[in-house]
Every structure is written in C-alpha cells, then in structure tokens.
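Accompanying notes for the structure given below.
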Amino acid sequence: MFDIIVIGAGVIGSLIARKLSSYKCNVLVLDKENDVGNGTSMANSAIVHSGYDPVPGTNKAKFNVLGNKMFPKMCEQLDVSLGKIGSLTIAVNDEQISTLKELAQRAKINGVEVKLLTKEEVIAIEPNITSEVKGALLAPSAMIVNPFTLTLHALENAVDNGVNVCFNEMVKDIKYVDNHFEIQTEKNIYQSRFIINCAGVYADQIHALIEDIDYEINPRKGQYFLLDHFKPGFVRHVLFPLPSEKGKGVLVSPTTSGNYIVGPSSEFTSSKDDVSTDAETLKSVRQQASNLVKNIPFNQTIRVFAGLRPTPSTHDFIIDFAKTNKQFINVSGIESPGLASSPAIAEYVVDNLLQSVFTLVKKDDYNPIVRKRINPKTLSIDERNALIKENNAYGKIICNCEKVTLGELLDELNRSVPPRTIKSIKKRLRMGFGKCQGGFCHPNLIKLLASYYHVDMQDILYDGENTNICCFKK
Numbered sequence: 350m351f352d353i354i355v356i357g358a359g360v361i362g363s364l365i366a367r368k369l370s371s372y373k374c375n376v377l378v379l380d381k382e383n384d385v386g387n388g389t390s391m392a393n394s395a396i397v398h399s400g401y402d403p404v405p406g407t408n409k410a411k412f413n414v415l416g417n418k419m420f421p422k423m424c425e426q427l428d429v430s431l432g433k434i435g436s437l438t439i440a441v442n443d444e445q446i447s448t449l450k451e452l453a454q455r456a457k458i459n460g461v462e463v464k465l466l467t468k469e470e471v472i473a474i475e476p477n478i479t480s481e482v483k484g485a486l487l488a489p490s491a492m493i494v495n496p497f498t499l500t501l502h503a504l505e506n507a508v509d510n511g512v513n514v515c516f517n518e519m520v521k522d523i524k525y526v527d528n529h530f531e532i533q534t535e536k537n538i539y540q541s542r543f544i545i546n547c548a549g550v551y552a553d554q555i556h557a558l559i560e561d562i563d564y565e566i567n568p569r570k571g572q573y574f575l576l577d578h579f580k581p582g583f584v585r586h587v588l589f590p591l592p593s594e595k596g597k598g599v600l601v602s603p604t605t606s607g608n609y610i611v612g613p614s615s616e617f618t619s620s621k622d623d624v625s626t627d628a629e630t631l632k633s634v635r636q637q638a639s640n641l642v643k644n645i646p647f648n649q650t651i652r653v654f655a656g657l658r659p660t661p662s663t664h665d666f667i668i669d670f671a672k673t674n675k676q677f678i679n680v681s682g683i684e685s686p687g688l689a690s691s692p693a694i695a696e697y698v699v700d701n702l703l704q705s706v707f708t709l710v711k712k713d714d715y716n717p718i719v720r721k722r723i724n725p726k727t728l729s730i731d732e733r734n735a736l737i738k739e740n741n742a743y744g745k746i747i748c749n750c751e752k753v754t755l756g757e758l759l760d761e762l763n764r765s766v767p768p769r770t771i772k773s774i775k776k777r778l779r780m781g782f783g784k785c786q787g788g789f790c791h792p793n794l795i796k797l798l799a800s801y802y803h804v805d806m807q808d809i810l811y812d813g814e815n816t817n818i819c820c821f822k823k
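Just remember that our numbering sits 349 ahead of the position in the sequence shown, which is counted from 1.
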C-alpha cells in the first residue's frame with residue numbers, strides 16, 4: 350500500500366514527486382511510457398514565460414508568475430541549463446501597438462515587469478527582426494530552459510530521496526475500495542490512499558475512471574523546426590508575434606544548447622498520440638516565422654517535430670480535488686504556460702491541497718540538490734585534461750556533432766533514472782541532435798547499450814515497443 354501514487358512522469362508529475370520526497374511518505378510514480386518526460390514535457394518551446402499574457406485571476410496567471418520566480422533556484426539545485434534572455438512581443442502595425450499597450454496593462458495587473466520599446470530600440474537589440482517592426486513589449490523575466498534535463502533531474506532527485514518509479518505501466522482502471530484506491534495497469538495492481546493525476550493529454554480519461562466529468566482535454570498539436578547552432582546571436586531574445594485565441598503564435602528563439610527553435614503551429618487533432626508533421630503546416634510555420642525575423646536559414650534545419658498540448662475545454666488549468674473524493678487530486682489541462690508554472694503547481698498541490706487532507710511530516714535528511722553532471726564542453730582545456738587524466742572515458746568522443754564523451758554516457762547509465770533506449774539517451778546527452786541525426790553515433794551507441802545491459806543488439810529500442818533498430822537474419 351502506497352500513501353500516494355502520482356500518475357504521469359512529465360514535468361508536473363516529476364516536480365510533484367520531488368516535492369513529496371521531502372516528506373515522510375511512501376510514493377510511487379506510474380507512467381505509460383518507458384522514460385521520464387516522454388510526452389508534452391519533451392516536445393515544447395522550452396520557454397519559461399514571464400506571465401504577462403494570461404488573463405488576470407486565472408490559474409494560468411497565478412501559477413505562471415509564481416513559477417517563473419522559482420526557476421533560478423530550482424534549476425541551480427537540479428543542475429539544469431537556464432537562459433535569462435527575456436522575451437519580445439513584436440508589433441508590425443499601429444493597431445498592434447495599441448494591443449501591446451493593453452498587454453502592458455495586463456502585465457501590471459499580473460505583477461510582471463515589462464517595457465514598451467520603440468522600433469529603433471527593438472532593431473538595436475535584435476538586428477535580424479523584420480523591417481516591418483513598429484515596436485515591442487519587452488518582458489525581462491522570460492527565460493529559456495532545458496526541459497529534458499529539468500524533468501529528468503526532478504524525478505531523479507525524487508528517486509534519490511526515496512520515491513519509487515515504474516515505467517511501461519499504462520493505467521487501465523481505478524477502483525475505490527475500503528478507503529483506498531486500487532489502480533490496475535496493463536501489468537499490475539497497485540494500492541494507494543491518494544492519487545495525484547498528472548497524465549497530460551490523458552488526464553481527463555484518468556479522471557473519468559473514478560467519476561463523471563464535465564470537461565474534456567483536446568490535444569492541440571504544435572509543429573516545429575529545430576535549426577542548428579549556426580550563428581551565435583542570430584536572435585537574442587524569445588521573439589513572439591501578438592498572441593491570439595490559438596495561443597502565443599509562432600515564435601523564434603534560441604535554445605539553451607545554442608540551437609534555434611521555430612514554431613509552433615496550433616491545430617487540434619483527434620488523436621492523443623498524433624505527433625506527425627505535414628508539409629503544408631510546416632510551410633505555414635515558415636511563413637509566419639519569416640514575417641517575424643528576416644532571412645531565417647531554414648537550410649540549417651536539423652529536424653522537424655511535433656508535440657501535443659493538453660488543451661482543456663475549461664480554458665484554464667484544472668488543479669483541485671475530484672468532486673466526489675478528496676483522495677483524488679487532478680492536475681489537468683496543463684497547457685502553456687504549464688512549463689513556467691510547474692514548480693508553483695507542484696508546491697500548491699502538495700502543501701495546500703494534499704496537506705489539507707493528509708498529514709505530511711518533513712524529512713530531516715531531504716536533499717534538494719541533484720548529483721551534478723560532468724560536462725567537458727564547459728571546462729577549460731586544463732580542467733578537461735585533468736579530468737581525462739583521472740578518467741580517460743572523458744577523452745573518448747562518441748558523438749562528433751555534439752561532442753559527447755563515453756564518460757558522460759557511462760555517468761548517465763549509472764544514475765538513479767537511467768536510460769534504456771536510444772531516444773532516452775538522446776534527450777539526456779543530445780546524441781543524435783546534430784546534423785547527422787545519429788547516423789554516425791547511433792550504431793556505436795547500440796553496441797554500448799547492448800554490452801552494458803547484457804542484451805542482444807536486436808533488443809535495443811529507439812523508443813517504445815516494436816522500435817527495434819537492428820534486425821539480423823539468422
């Protein structure tokens with residue numbers, strides 16, 4: 350019997366698990382995927398929004414502003430790359446200047462610092478901006494983050510502090526029996542006094558297993574271009590067009606790894622697993638981005654991809670007890686600005702909702718600091734040479750595009766939430782993120798994984814079931 354089961358190992362579920370690990374309670378995280386953060390938390394814009402845009406008084410506004418302020422300390426504790434670069438929302442005509450002024454008033458209500466810039470001021474800090482620019486709204490507190498590492502290290506820190514995790518466990522049914530829940534997955538039955546539902550695009554379906562619900566989650570697909578790190582400073586801020594009812598629009602932004610991201614589109618899809626891309630939508634993304642920034646070198650595209658946002662019919666985050674059972678907490682409909690809101694949501698769910706119905710006692714030995722990665726690329730030549738002298742695995746490059754070493758791979762394999770697939774290593778170390786897209790490094794990586802886990806190379810998966818890469822005729 351567990352005290353609490355968290356369903357979903359995305360950024361919200363992982364940060365809630367981390368928060369719970371600071372208390373004396375028995376916690377299990379279940380996820381249907383084979384790795385942490387394999388859904389919405391993996392495929393997004395990686396923006397920590399400032400909070401000027403959400404409608405005042407909503408959960409989105411409340412948690413965005415609070416969460417944004419928590420990111421610097423959290424990312425320092427979790428060894429996560431964070432870029433404090435600010436955002437610019439661009440106006441390209443006089444009518445949009447009026448809209449910027451309205452957004453500035455909304456920012457004031459939400460408690461977010463912003464500044465209106467003239468055309469000349471925008472061009473001075475963003476020389477590649479469209480020549481049609483009339484002005485912009487600067488939000489200095491907007492940031493960029495590595496969402497892969499954030500989600501991974503949050504769960505890793507939770508596991509290091511005593512939380513249990515089970516992957517490949519899709520929840521099929523939930524029953525309430527004798528003051529506790531019985532959660533049936535495809536493989537097992539688990540018992541828990543409390544459930545915290547963080548199942549992303551599936552959160553409405555999980556909620557509906559215990560009671561009738563009056564909302565639904567519609568997956569909204571966003572398609573992106575990821576460009577190579579071709580030129581430092583091509584754009585220096587997160588660049589937004591004016592937001593619309595579809596969202597914040599097609600943005601252009603640097604990433605914490607020095608690449609550039611362009612997107613997303615915004616279209617509803619009937620499937621909660623549809624992360625396909627299509628030429629027509631990507632053409633529209635290119636056109637919208639080119640209306641924002643001049644001469645975007647799309648010939649530097651490394652890959653295109655799509656992610657799903659769990660858009661709720663309520664138009665706001667759903668963070669509350671189930672109507673008929675306070676042992677079930679919903680954290681549902683967490684679309685943008687969900688990433689920015691995530692640490693504040695985690696704190697509220699545990700310290701306000703759960704604490705009101707379940708006595709939580711602080712641990713004396715809780716450690717909020719994750720074991721730091723060694724990244725040779727950030728070291729000086731002397732430091733790198735000393736590292737290689739101590740451990741020569743850090744002198745063996747196994748990914749030429751991203752300059753990943755064998756030492757870094759072995760470190761990941763020996764952490765508390767280790768990778769088992771090619772994709773899971775790609776998210777952790779960027780192997781396969783370069784121009785060759787794994788064409789050179791993945792064959793050797795398959796051999797290394799097979800050797801480490803003592804399995805046949807044919808058993809190494811790219812991602813989920815039936816994604817075997819090697820197939821040898823006997």
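No residue lacks a Cβ here, since even glycine has one placed at the ideal position from N, Cα and C. Note that this is a predicted model, so its numbers are computed, not measured.
In terms of Cα proximity to N537, the closest of D380, I668, P659 and K711 is D380. DSSP links S619 through a beta bridge to no other residue. DSSP, reduced to helix, strand and coil, places E696 within a helical segment of the structure shown. Annotation for S430: N495 and T605 place their beta carbon closer than 6 Å to its own, counting only its chain and skipping 5 residues before and after.
When DSSP states are grouped into helix, strand and coil, D808 belongs to the helix group.
In the three-state reduction of the DSSP assignment, R367 falls in the helix class, which pools H, G and I.
C-alpha of E565 to C-alpha of V804: approximately 42 Å in a straight line. For L486, the closest C-alpha among the options Y802, L499, I472 and L631 is that of I472. The continuous stretches of beta strand (DSSP E) do not include N817, and DSSP gives it neither H nor E.
Closest option to R652, judged by alpha-carbon separation, among T663, D577, V698 and G598: D577.
Each residue's CA atom was taken as its position, placing I545 and D561 some 17 Å apart. Assigned with DSSP and collapsed to three states, N375 falls in coil, not helix or strand. Between A695 and I365, the CB-CB gap stays under 8 Å. Using a C-beta cut-off of 8 Å, the region 358–374 makes contact with the region 504–519, since at least three inter-stretch Cβ pairs fall below that distance. In the DSSP annotation of this structure, the continuous segment of the beta strand (DSSP E) that includes S602 starts and ends at L600 to P603.
According to DSSP, Q533 shares a beta bridge with D522 and I538. Spatial neighbours of T479 in its own chain (CB-CB distance under 7 Å, excluding positions within 5 residues in sequence) are listed in chain order as V441, N640, L641, V642 and K643. Rounded to the nearest whole angstrom, the C-alpha separation of E481 and F647 is 21 Å. Remark: three or more beta-carbon pairs, one from each stretch, lie closer than 8 Å, so the region 452–466 and the region 402–416 are flagged as touching. Judged by beta-carbon spacing, G484 lies beyond the 8 Å limit of T498, meaning their Cβ atoms are not closer than that value. Within the region 409–490, the complete alpha helix (DSSP H) segments of 4 residues or longer fall at 443–459 and 468–474, listed in chain order. When the Cα atoms are used, I523 and S541 turn out to be separated by approximately 11 Å.
For Y801, the enclosing alpha helix (DSSP H) covers residues C790 to Y802.
Bounds of the beta strand (DSSP E) holding D669 are I667 to F670. Looking at the backbone, the Cα of A655 and that of N679 are separated by about 26 Å. The DSSP-derived three-state label of P767 is coil.
In the structure shown, F579 adopts coil according to DSSP, grouped into three states. At the C-beta level, T754 and Y743 come within 8 Å of one another.
Our two residues, T618 and K711, have alpha carbons roughly 43 Å apart in a direct line. When the Cα atoms are used, V601 and T438 turn out to be separated by approximately 11 Å.
Listed in chain order, the non-local C-beta contacts of R658 below 6 Å within the same chain comprise R569 and E684, local neighbours out to five positions each way being set aside. By the Cβ test, the region 773–781 is in contact with the region 791–804, since at least three Cβ pairs between them sit closer than 8 Å. For the 8 Å CB-CB criterion, G783 and E751 form a contact. In the structure shown, A689 falls within a helical segment according to DSSP collapsed to helix, strand and coil.
Taking 8 Å as the cut-off, the Cβ atoms of N417 and V397 count as close.
In the three-state scheme derived from DSSP, where H, G and I count as helix and E and B as strand, P496 is classed as helix.
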